[in-house]
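Here's the structure, in structure tokens; my notes come after.
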Amino acid sequence: MSILKIAIQKSGRLYEESIQLLKDSGISIYNGNDQLKVTASNFPLEVYFLRNSDIPQYLIDGVVDVAILGDNLLYEKGKNITVAERLGFSKCKVSVAVPKAFNFTSLQDLNGLRIATSYPNTVNNYFGSKGIEVDIHQISGSVEIAPNIGLSDAIVDIVSSGSTLFKNGLKEVEVILKSEAVLGVSPEISEEAKTLLNKLQFRMQAVLRSRKSKYILMNVPNDKIDEISAILPVLKSPTVMPLSEEGWSSVHSVIEEDTFWEVIDQLKEAGAEGILVCPIEKMVL
């Protein structure tokens, strides 16, 4: 019997959100006693819990078929790995940061200076494309402390909220790339594993769509139904059901999270009343 092998980060925020996505996709797994490999009880899936920086090589070598990882890591170590799905969580940036006292005007100010980073390939590619030469000091972990101890003049590292930079007296001056969690696929994946991946991806897509949408119910005068329907673009057509009060109907549809309040304002202006909003667990199209 074929089985799909998936790698995820063994700790941290990406681990938690990856596990949640698998569970929301109906995959039952139990990682007791910090096991490094577990088998799902209700889907042909093995989950490998790996150090984040090791995952690209596991994909390249075909040890695992797919992985949930940041695409910043693919940019650094896995250019031959294809992305099957962008997952929309664990968003961050890979940025250049310098001490707050550094009088930064452009990237040219860093020409010939020392940069500490855990992403040497990313730094080489980016600064090389700008015609800027830098002296790279590759370190793993605690990159932000490098300028304070005289190891470097600047850093390139992952930035989420920016609070870590602030605490270490640094400021963000350039964004090299924006990153989020993706579903990466090994170049060595078998046809049998691809079939299982398609099934898993179908489930994930249903979950990801639901996270971006809200189910909405409202009372609408019958003469306003066409106008209201034109404001609701997500599904093919809203559901319309007559109310006991003559001349009114209940209209049900889906709206996108990103434009939620703008759409609500439009619906109210168009005559909708008694608007109820509900979360969606899954959304299969």
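Here this note's numbering is used: the first residue of the sequence shown is 1397, the next is one more, and so on.
Quick reminder that beta carbons are idealized off the backbone N, C-alpha and C, glycines included.
Given the structure is predicted, the values throughout are model-derived calculations rather than measurements.
- A residue is called buried once 16 or more other Cβ atoms fall within 10 Å of its Cβ, and T1501, having fewer, is exposed.
- The straight-line gap separating the alpha-carbon atoms of L1681 and A1602 is approximately 8 Å.
- Minimum Cα-Cα distance from S1486 among the listed residues T1655, W1644, D1467, S1586 corresponds to D1467.
- Collapsing the DSSP output to three states places A1542 in coil.
- Residue pairing by DSSP places T1435 opposite E1442 in a beta bridge.
- In this structure, L1593 sits near D1461, with a CB-CB distance shorter than 8 Å.
- For Q1405, the CB contacts under 8 Å within the same chain, skipping 5 residues up- and downstream, are Y1411, S1414, F1445, L1446, R1447, N1448, I1451, I1464, L1465 in chain order.
- Residue pairing by DSSP puts A1403 in a beta bridge opposite Y1444, A1463.
- Excluding its 5 nearest sequence neighbours in each direction, N1564 has C-beta neighbours in its own chain below 7 Å: E1540, I1541, N1544, listed in chain order.
- With at least 16 other beta carbons inside 10 angstroms of its own, E1472 counts as buried.
- Counted as a single uninterrupted DSSP element, the alpha helix (DSSP H) harbouring A1626 occupies residues 1621-1627.
- Around the beta carbon of P1675, a 10 Å sphere encloses fewer than 16 other beta carbons of the protein chains shown; the residue is thus reported as exposed.
- Here DSSP, grouped into helix, strand and coil, assigns V1680 to coil.
- Beta-bridge annotation (DSSP): W1657 is not paired with any residue.
- Put simply, of Y1454, N1438, I1572 the residue whose alpha carbon is nearest the alpha carbon of G1524 is I1572.
- Counting only residues of its own chain and dropping the five nearest sequence neighbours on each side, Y1515 has a CB closer than 7 Å to the CB of E1472, V1490, V1552.
- Around the CB of G1474, 16 or more other CB atoms lie within 10 Å, so the residue is classed as buried.
- Under DSSP, the beta-bridge partners assigned to D1553 are S1491.
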